[in-house]
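Sequential numbering from 1 applies to the sequence shown in my numbering.
For glycine and all other residues, C-beta sits at the position ideal for the given N, C-alpha and C.
Just so we're clear, the structure is a prediction, and the values are computed from it rather than from any experiment.
First up is the structure itself, then whatever we jot down about it.
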Amino acid sequence: MSWVHNEAFVGYCFIMPNLVGFLAFTLLPVLASLIVSFTSWDLLSPPRFVGFKNFIDIFGFSLIPEAALASWTDYLFVWQYLTPKDPGFWQYLYNTAFLMLGIPFGMICSLFIAIVMNRKLRGIMFFRTIYFLPSISSLVAVALLWRWIYNPDYGLLNALLGFIGIQGPSWLTHPLWAKISLILMGLWSGVGGTNMLLYLAALQGIPQHLYEAADIDGANALHKFMHITIPMLSPTSFFIFIMSVIGGFQGGFQSAYLMTRGGPGGATTTLEYYIYNNAFKWFSMGKASALAWFLFLVILLVTMVNWKYGGKKVHYQYI
Numbered sequence: 001m002s003w004v005h006n007e008a009f010v011g012y013c014f015i016m017p018n019l020v021g022f023l024a025f026t027l028l029p030v031l032a033s034l035i036v037s038f039t040s041w042d043l044l045s046p047p048r049f050v051g052f053k054n055f056i057d058i059f060g061f062s063l064i065p066e067a068a069l070a071s072w073t074d075y076l077f078v079w080q081y082l083t084p085k086d087p088g089f090w091q092y093l094y095n096t097a098f099l100m101l102g103i104p105f106g107m108i109c110s111l112f113i114a115i116v117m118n119r120k121l122r123g124i125m126f127f128r129t130i131y132f133l134p135s136i137s138s139l140v141a142v143a144l145l146w147r148w149i150y151n152p153d154y155g156l157l158n159a160l161l162g163f164i165g166i167q168g169p170s171w172l173t174h175p176l177w178a179k180i181s182l183i184l185m186g187l188w189s190g191v192g193g194t195n196m197l198l199y200l201a202a203l204q205g206i207p208q209h210l211y212e213a214a215d216i217d218g219a220n221a222l223h224k225f226m227h228i229t230i231p232m233l234s235p236t237s238f239f240i241f242i243m244s245v246i247g248g249f250q251g252g253f254q255s256a257y258l259m260t261r262g263g264p265g266g267a268t269t270t271l272e273y274y275i276y277n278n279a280f281k282w283f284s285m286g287k288a289s290a291l292a293w294f295l296f297l298v299i300l301l302v303t304m305v306n307w308k309y310g311g312k313k314v315h316y317q318y319i
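Here it is as structure tokens:
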């Protein structure tokens, strides 16, 4: 048989475009960013090797100049006299973690909508489509809509709160409420999307004989939900949680850029936004690459921990 007709050769030909694209546009840039992270480069002048300086500037601490370490107790509590070299980094790391608090709420809402959409009702396909639309809408359009909703003077949300005698806050100009505003917008645009479809598919894959056996045993709806539905959905929930955590670390830029420009006072600036600022606003490519690699390592570590400990609670077999 000619090598042209060989199955392996034909297979390699099919995957070659994707393989070349992966090597040229993913693997090589990733490796290049690792090299750049050890340099000082502003895109205009040649890169200059600086070793671990970028990482030290990000994670390092310096002694407060007016600190006087006179006794051994001062050295014992030396952390009181330290200040981070890059205070913004720790604030933006906190912002990223805070915005990820919306993940469990999003999963619960997606599951609830999937349960409702799993009912056999006339026109259910229409309602499934309606709930899915926000997830495929343009983020710019979604941001414009929610900026109007959050407007403190004529926004819909404060108007509704005013009807019941509540003075609405300045949603996008208060540090705490700005974070909550981004979480709420993300929930609205995401709960009816891919996660809802994954839960819907998983619900339709649960064998009905499990519920029939539970009915014979006298189980009520709550018992069936807790002891059949939840365990059978655990692989889907685990997958959604893993992907949501990864997306949470990598996300936050688009919504913050369109809604608040990272403000007020950096309250909605995430690590991804900080990487963007360093790379394309301040042209500090070395520091941006160092931050990107830190983010990659954090995501890798968190994912490994989730796989090791979370995977033990996943039910992979039908009863």
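How long is the line joining the alpha carbons of M185 and P175, rounded to whole angstroms?
Position 185 of the sequence shown, counted from the start, is the residue given in the question as residue 185. Position 175 of the sequence shown, counted from the start, is the residue given in the question as residue 175. Rounded to whole angstroms, M185 to P175 spans 16 Å at the Cα level.
If you follow the alpha helix (DSSP H) that L258 is part of, which residue opens it and which one closes it?
Position 258 of the sequence shown, counted from the start, is the residue given in the question as residue 258. Here the alpha helix (DSSP H) through L258 covers F253 to M259.
Return the residue from the list F49, G252, L28 and A159 that minimises the CA-CA distance to M386.
Nothing can be reported for residue 386, as the shown portion of the chain is limited to 1 through 319.
Option nearest I166 by Cα separation, candidates L172, I242 and P152:
One-based indexing of the sequence shown puts residue 166 at position 166. Its Cα nearest to that of I166, the residue P152 stands out among L172, I242 and P152.
Quick check: what's the CA-CA separation for G102 versus P46?
Reading the sequence shown from its first residue, position 102 is the one you call residue 102. Reading the sequence shown from its first residue, position 46 is the one you call residue 46. Straight across, the Cα-Cα distance linking G102 with P46 is about 42 Å.
Taking 8 Å as the threshold, find out whether the region 280-291 comes into contact with the region 28-45 through three or more Cβ pairs.
For the pair of segments examined, the region 280-291 was found to touch the region 28-45: the number of CB pairs separated by less than 8 Å reaches three.
Between the Cα of D307 and those of P264, F225, M243 and T268, spot the shortest distance and give me the residue it belongs to.
Here residue 307 refers to the residue found at position 307 of the sequence shown. The sequence given here places Trp at residue 307; Asp does not occur at that position. Comparing C-alpha distances from W307 to each of P264, F225, M243 and T268 shows the shortest one belongs to M243.
Note down, in chain order, each residue of its chain lying with its Cβ closer than 6 Å to the Cβ of F55, except the 5 sequence neighbours on either side.
Taking the first residue of the sequence shown as 1, we reach residue 55 at position 55. Around F55: A290.
Can you name, in chain order, every residue of its own chain whose Cβ lies under 7 Å from the Cβ of N6, other than the five neighbours on each side?
The sequence position of residue 6 within the sequence shown is 6, counting from 1. Closer than 7 Å at Cβ, skipping near neighbours: no residue.
Considering only the alpha carbon of each residue, which of P207, G106, T229 and T270 lies closest to F241?
Along the sequence shown, read from residue 1 onward, the residue named residue 241 stands at position 241. G106 is the residue among P207, G106, T229 and T270 whose C-alpha sits nearest the C-alpha of F241.
Can you give me the C-alpha to C-alpha distance between F89 and L271, rounded to a whole angstrom?
For the purposes of this step, residue 89 is taken as the residue at position 89 of the sequence shown. For the purposes of this step, residue 271 is taken as the residue at position 271 of the sequence shown. Cα-Cα distance, rounded: 7 Å.
Just list the beta strand (DSSP E) runs in the region 189-267, keeping only unbroken ones of 3 residues or longer that don't cross its boundaries, in chain order.
Within the region 189-267, no complete beta strand (DSSP E) run reaches 3 residues.
Taking DSSP's pairing of strands, which residues face T270 in a bridge?
Your numbering for residue 270 matches position 270 in the sequence shown. T270 is not bridged to any residue.
Local conformation of Y318 per DSSP, three classes:
Within the sequence shown, numbered from 1, the residue matching residue 318 stands at position 318. Because Y318 sits at a pLDDT of 48, beneath the cut-off of 50, its placement in the model cannot be relied upon, and the point is left open.
Secondary structure of S170, DSSP reduced to three states:
Locating residue 170 in the sequence shown gives position 170, counting from the first residue. DSSP places S170 in coil when its eight states are reduced to three.
Which runs of the alpha helix (DSSP H) at least 4 residues long sit entirely within the region 106-150? Give them in chain order.
Counting only runs of at least 4 residues, the region 106-150 fully encloses the following alpha helix (DSSP H) elements, listed from N- to C-terminal order: 124-136 and 139-150.
With a cut-off of 7 Å, does the C-beta of S137 fall near any C-beta of chain D?
Included in the structure is just one protein chain, with no chain D present.
Cutoff 8 Å; reference A214; Cβ partners in own chain excluding five residues on either side:
Here residue 214 refers to the residue found at position 214 when the sequence shown is read from its first residue. Apart from the 5 residues on each side of it in sequence, A214 sits with its Cβ closer than 8 Å to the Cβ of H223, K224, H227 and I228 in its chain, given in chain order.
The alpha helix (DSSP H) with S289 in it runs from where to where?
Here residue 289 is taken as the residue at index 289 of the sequence shown, counted from 1. That run of the alpha helix (DSSP H) goes M285 to V305.
Return the CA-CA distance between I206 and T236, expressed in angstroms with no decimal places.
Working through the sequence shown from its first residue, we reach residue 206 at position 206. Working through the sequence shown from its first residue, we reach residue 236 at position 236. Between I206 and T236, the C-alpha separation is close to 12 Å.
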